[in-house]
Amino acid sequence: MASNAPAGQREGESSDQAPRRDRIELSPLPPEANPADPGFEILLKDLAVGFVSTSAMEVDAEIDRWLGRITSFFGADRSSISQRTPTGFSVTHCWAREPKHLPTLGRDERTFPHIAAAIGRGEPYLFPHVDDIPPDHFEEREAVRTEGIKSHVSVPMVVAGQIVGVMSVSFMRSECPWVAGISRRIELVVTVIGNALARKTEAAERRMTARALAHAERIATLGQLASSFAHELNQPLAASLTNSDSALRLLDRKPPDLAEVREALVDIAADMRRAGDIVRELRGYLRRQNMKVEAVDLGRFATSVTRFLLPEARRRGVDLRIDVASGPRSAAVDRIQLQQALVNLALNAFQALEGAPAGRRRVTLTFGAPVEGRFPLSVADNGPGVPESMRASLFAPFATTKPEGIGLGLPICRNIAEAHGGTLEYTPSPSGGAVFSFSVPVATGPAHGR
Ligand SMILES: Nc1ncnc2c1ncn2[C@@H]1O[C@H](COP(=O)(O)OP(=O)(O)OP(=O)(O)O)[C@@H](O)[C@H]1O
Ligand SMILES: [Mg+2]
């Protein structure tokens, strides 16, 4: 085991440090270990079977569920999975017996530098008793004291030879002298979980590629649309230019031919009306495009949007919250368009939080109670808010402050909001951050479908 093995090991526990054996070694378990569970082998088999039949989208929920069962099985009080990010490890799943056992906010590898170092080397880190923490591991001693941990084990999560994360199990109510034995079992558990997470990451990458393709397609479609409308607009604009040139010439005549000037101006006005119609047609087209309004239950809809956004939020260390008002929830919306608007706004919010400290990134999607026949919806973040320089052109196409941005997200969202009879507004949040809000109509009939 770990670099701290001698410190974490007591006399008589050397068997846990022995080379790995083929059979799982069952050391005595605490009396409170789930008595209904006949043994670790059954737990491991259930775990493996559970994850094999879990779709990539459901892996996170399945891990959350399993952490509870695993923690109870070991008689522990908290367990967590942290995944490796470009800047270190970040907690992505956690289960605690009681809220007071949840990890403190803002902790990262600086809080546990020696644990992070051991995991980075591919070694577990454990201590059956706080006194077993090596004396020079000051940070761990301090963190353990503030969190009230009595015994602990962290095991690296290795997938395809790479350390991709860590699973930690902590005991808070009483010490657990057999953490070394538990460590061997967690190695097996974490292999199953690591492979499931790898499958989920691959699926998320495939989805991101699909989204990037859809983005490119959107731009190509808009490009084609723009060029065909530009072509149509060109005709009345060119005619107006010719008519205004001739009107000027007619005015220069001595005496000026006012009757002909009048005719030219009448033509110009007609062409301008036609140009106005073309622009209105374009806006109408963009709004109506594939619009399919149906009665949608906003509660269920909120759950499906969250499920879609959660992997990205977790990857970015964002605490994603959904707030759905109780009461009537049937809205008359185009489900796909509404999802597109909320996802665009949430992605903007996630991106705005990139510079925020880990553990303080929060995005809240609110589905409010109806006001005058409309449900207010909003996406709020606690990032820096829209930069002053962007405010005037915020909803204009191609306005962006991002190196990779196109500046179409917000204009598309506003179009969607307008297609639902409202508009999209930005308000800086009083507590810092951005709030984008709009509203959708209450449906007359009951909601059906997903
Ligand atoms: N939640 C937010 N917090 C701070 N600034 C924001 C937020 N949402 C949008 N912005 C600002 O508004 C700009 C325009 O956003 P928009 O979604 O239209 O385009 P984009 O995100 O830059 O590119 P893309 O077309 O890929 O979405 C952003 O570049 C950013 O400067
Ligand atoms: Mg955007």
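Position in the sequence shown (first residue = 1) + 172 = our numbering. Quick reminder that beta carbons are idealized off the backbone N, C-alpha and C, glycines included.
Worksheet item: When the Cα atoms are used, what is the spatial distance from residue 176 to residue 338?
Response: For the purposes of this step, residue 176 is taken as residue 4 along the sequence shown, with counting starting at 1. For the purposes of this step, residue 338 is taken as residue 166 along the sequence shown, with counting starting at 1. Only weak support exists for where residue 176 lies, its pLDDT of 42 falling under 50; the coordinates are left without a value.
Practice prompt. Would you be able to state if there are at least three C-beta pairs under 8 Å between the stretch 466 to 486 and the stretch 445 to 455?
Written response: Contact annotation: the stretch 445 to 455 does not touch the stretch 466 to 486, with fewer than three C-beta pairs closer than 8 Å.
Worksheet item: Is residue 508 near ligand 1, judged by its Cβ being under 8 Å from some heavy atom?
Response: As a first step, residue 508 is located in the sequence shown; it is residue number 336 there, counting from the start. Residue 508 Cβ: outside cutoff for every heavy atom of ligand 1.
Item to complete: Would you kindly work out how many angstroms separate the C-alpha atoms of residue 473 and residue 503, rounded to a whole number?
Response: Translated into the one-based positions of the sequence shown, residue 473 becomes position 301. Translated into the one-based positions of the sequence shown, residue 503 becomes position 331. Their Cα atoms are separated by approximately 10 Å.
Worksheet item: At what residue ranges does the stretch 442 to 484 contain a whole run of the beta strand (DSSP E), taking only runs of 3 or more?
Response: Runs of the beta strand (DSSP E) inside the stretch 442 to 484: 465 to 469.
Worksheet item: How big is the Cα-Cα spacing for residue 613 and residue 423?
Response: Taking the sequence shown and counting its residues from 1, one reaches residue 613 at position 441. Taking the sequence shown and counting its residues from 1, one reaches residue 423 at position 251. Roughly 54 Å separates the two Cα atoms.
Worksheet item: Where residue 451 and residue 331 are concerned, what is the direct C-alpha to C-alpha distance, given to the nearest angstrom?
Response: What you label residue 451 is simply residue 279 of the sequence shown in a count that begins at 1. What you label residue 331 is simply residue 159 of the sequence shown in a count that begins at 1. Using only the alpha carbons, I get a separation of about 55 Å.
Discussion item. Taking 8 Å as the cut-off, does the stretch 297 to 306 touch the stretch 260 to 274 (at least 3 CB pairs, one atom from each stretch)?
Written reply: no
Worksheet item: Of all the options 361, 232 and 270, which has the alpha carbon lying nearest to the alpha carbon of residue 215?
Response: Within the sequence shown, residue 215 is the residue found at index 43, counting from 1. Comparing Cα-Cα distances from residue 215 to each of 361, 232 and 270, the minimum goes to 361.
Discussion item. Does residue 579 come out as helix, strand or coil in the three-state DSSP assignment?
Written reply: For the purposes of this step, residue 579 is taken as the residue at position 407 of the sequence shown. Reduced to three states, the DSSP call for residue 579 is coil.
Worksheet item: Alpha carbon to alpha carbon, how far is residue 428 from residue 442?
Response: Position 256 of the sequence shown holds residue 428. Position 270 of the sequence shown holds residue 442. Computed Cα separation, rounded: 23 Å.
Worksheet item: Going along the chain, which residues of its own chain have a beta-carbon closer than 7 Å to the beta-carbon of residue 559, five neighbours each way excluded?
Response: Within the sequence shown, numbered from 1, the residue matching residue 559 stands at position 387. Cβ neighbours of residue 559 beyond the five flanking positions: 573.
Item to complete: Considering only heavy atoms of ligand 2, list every residue whose Cβ is less than 5 Å from one of them, following chain order.
Response: 520 and 581
Practice prompt. Would you check whether ligand 1 has a heavy atom nearer than 8 Å to the C-beta of residue 483?
Written response: Residue mapping note: residue 483 aligns to position 311 of the sequence shown, counting from 1. Not a single heavy atom of ligand 1 lies less than 8 Å from the C-beta of residue 483.
Item to complete: For my contact list, residue 372 and residue 231 are in at a C-beta cut-off of 8 Å; report their separation, rounded to the angstrom.
Response: Here residue 372 corresponds to residue number 200 of the sequence shown, with the count starting at 1. Here residue 231 corresponds to residue number 59 of the sequence shown, with the count starting at 1. Between the beta-carbon of residue 372 and that of residue 231 there is about 4 Å, and that keeps the pair under the 8 Å contact cut.
Fill in: Euclidean distance between Cα positions of residue 336 and residue 290
Translated into positions along the sequence shown, residue 336 becomes position 164. Translated into positions along the sequence shown, residue 290 becomes position 118. Between residue 336 and residue 290, the C-alpha separation is close to 13 Å.
Worksheet entry | Complete runs of the beta strand (DSSP E) confined to the stretch 289 to 360 [at least 3 residues] | DSSP runs (the beta strand (DSSP E)) wholly in the stretch 289 to 360: 297 to 299, 323 to 331 and 334 to 343.
Item to complete: Taking residue 505 and residue 403 to be in contact with their CB atoms under 8 Å, please state how far apart those CB atoms are, rounded to whole angstroms.
Response: Here the question's residue 505 lines up with position 333 in the sequence shown. Here the question's residue 403 lines up with position 231 in the sequence shown. The pair is not a contact, with the Cβ atoms about 34 Å apart (cut-off 8 Å).
Worksheet item: When we look at the beta-carbon of residue 551 and count the other beta-carbons within 10 Å, is it buried (16 or more) or exposed?
Response: Mapped onto the sequence shown, residue 551 falls at position 379. By the Cβ neighbour-count rule, residue 551 is buried, with 16 or more other Cβ atoms within 10 Å of its own.
Worksheet entry | Burial state of residue 536 (16 or more Cβ within 10 Å) | Here residue 536 refers to the residue found at position 364 of the sequence shown. With 16 or more Cβ atoms within 10 Å of its Cβ, residue 536 is classed as buried.
Discussion item. For a cutoff of 9 Å on Cβ pairs, would you count residue 305 as touching chain B?
Written reply: This model lacks chain B altogether; it includes just one protein chain.
Discussion item. Let me check understanding here. Comparing Cα to Cα, which of 256, 374 and 245 lies closest to residue 227?
Written reply: Taking the sequence shown and counting its residues from 1, one reaches residue 227 at position 55. Of the candidates 256, 374 and 245, the one whose C-alpha sits nearest the C-alpha of residue 227 is 374.
Practice prompt. Kindly examine ligand 1 and report whether one of its heavy atoms sits closer than 8 Å to the Cβ of residue 571.
Written response: Position 399 of the sequence shown, counting from 1, holds the residue named residue 571. Yes, the Cβ of residue 571 comes within 8 Å of a heavy atom of ligand 1.
Worksheet item: Do you know offhand how far residue 615's Cα is from residue 511's?
Response: Residue numbering aside, residue 615 sits at position 443 when the sequence shown is read from its first letter. Residue numbering aside, residue 511 sits at position 339 when the sequence shown is read from its first letter. Approximately 17 Å between the Cα atoms of the pair.
Worksheet item: Roughly how many whole angstroms lie between the Cα atoms of residue 238 and residue 481?
Response: On the sequence shown, residue 238 is found 66 positions in, with the first residue counted as 1. On the sequence shown, residue 481 is found 309 positions in, with the first residue counted as 1. Roughly 22 Å separates the two Cα atoms.
Fill in: Cβ distance (whole Å) where residue 469 is taken to contact residue 507 below 8 Å
Here residue 469 refers to the residue found at position 297 when the sequence shown is read from its first residue. Here residue 507 refers to the residue found at position 335 when the sequence shown is read from its first residue. So it is not a contact: roughly 10 Å between Cβ atoms.
Practice prompt. Identify whether residue 586 lies in helix, strand or coil by the three-state DSSP scheme.
Written response: If you number the sequence shown from 1, residue 586 lands on position 414. Residue 586 falls in the helix class under three-state DSSP.
Worksheet item: Excluding sequence positions up to five away, which residues of its chain have a Cβ less than 6 Å from the Cβ of residue 586?
Response: As a position in the sequence shown, residue 586 is number 414, starting the count at 1. So the qualifying residues of the chain are 567 and 596.
Discussion item. Quick check on this structure: which residue in 509, 319, 406 and 345 has the alpha carbon closest to the alpha carbon of residue 466?
Written reply: In the sequence shown, residue 466 corresponds to position 294, counting from 1. Closest option to residue 466, judged by alpha-carbon separation, among 509, 319, 406 and 345: 509.
Worksheet item: From residue 494 to residue 538, what does the alpha carbon distance come to, in whole angstroms?
Response: Position 322 of the sequence shown, counting from 1, holds the residue named residue 494. Position 366 of the sequence shown, counting from 1, holds the residue named residue 538. Each residue's alpha carbon lies about 6 Å from the other.
Worksheet item: Between the stretch 514 to 531 and the stretch 241 to 252, are three or more C-beta pairs nearer than 8 Å?
Response: no
Discussion item. Considering only heavy atoms of ligand 1, does any lie closer than 8 Å to the CB of residue 566?
Written reply: As a first step, residue 566 must be located in the sequence shown, where it is residue number 394. Yes, the Cβ of residue 566 comes within 8 Å of a heavy atom of ligand 1.
Discussion item. To the nearest angstrom, how far is the alpha carbon of residue 345 from that of residue 316?
Written reply: Here residue 345 is taken as the residue at index 173 of the sequence shown, counted from 1. Here residue 316 is taken as the residue at index 144 of the sequence shown, counted from 1. Just so you know, the alpha carbons of residue 345 and residue 316 end up roughly 13 Å apart.
Worksheet item: Rounded to the nearest angstrom, how far is the Cβ of residue 138 from that of residue 323, given a contact under 8 Å?
Response: The structure shown has nothing for residue 138, since the chain only spans 173 to 622.
Practice prompt. Apply the 10 Å Cβ neighbour rule to residue 611 and answer buried if 16 or more other Cβ atoms are within range, or exposed otherwise.
Written response: Start at 1 with the first residue of the sequence shown, and residue 611 comes out as number 439. Answer is buried; the Cβ neighbour count reaches 16.
Discussion item. Measuring straight from C-alpha to C-alpha, what distance separates residue 269 and residue 319?
Written reply: For the purposes of this step, residue 269 is identified with residue 97 of the sequence shown, where counting begins at 1. For the purposes of this step, residue 319 is identified with residue 147 of the sequence shown, where counting begins at 1. Whole-angstrom Cα-Cα distance: 14 Å.
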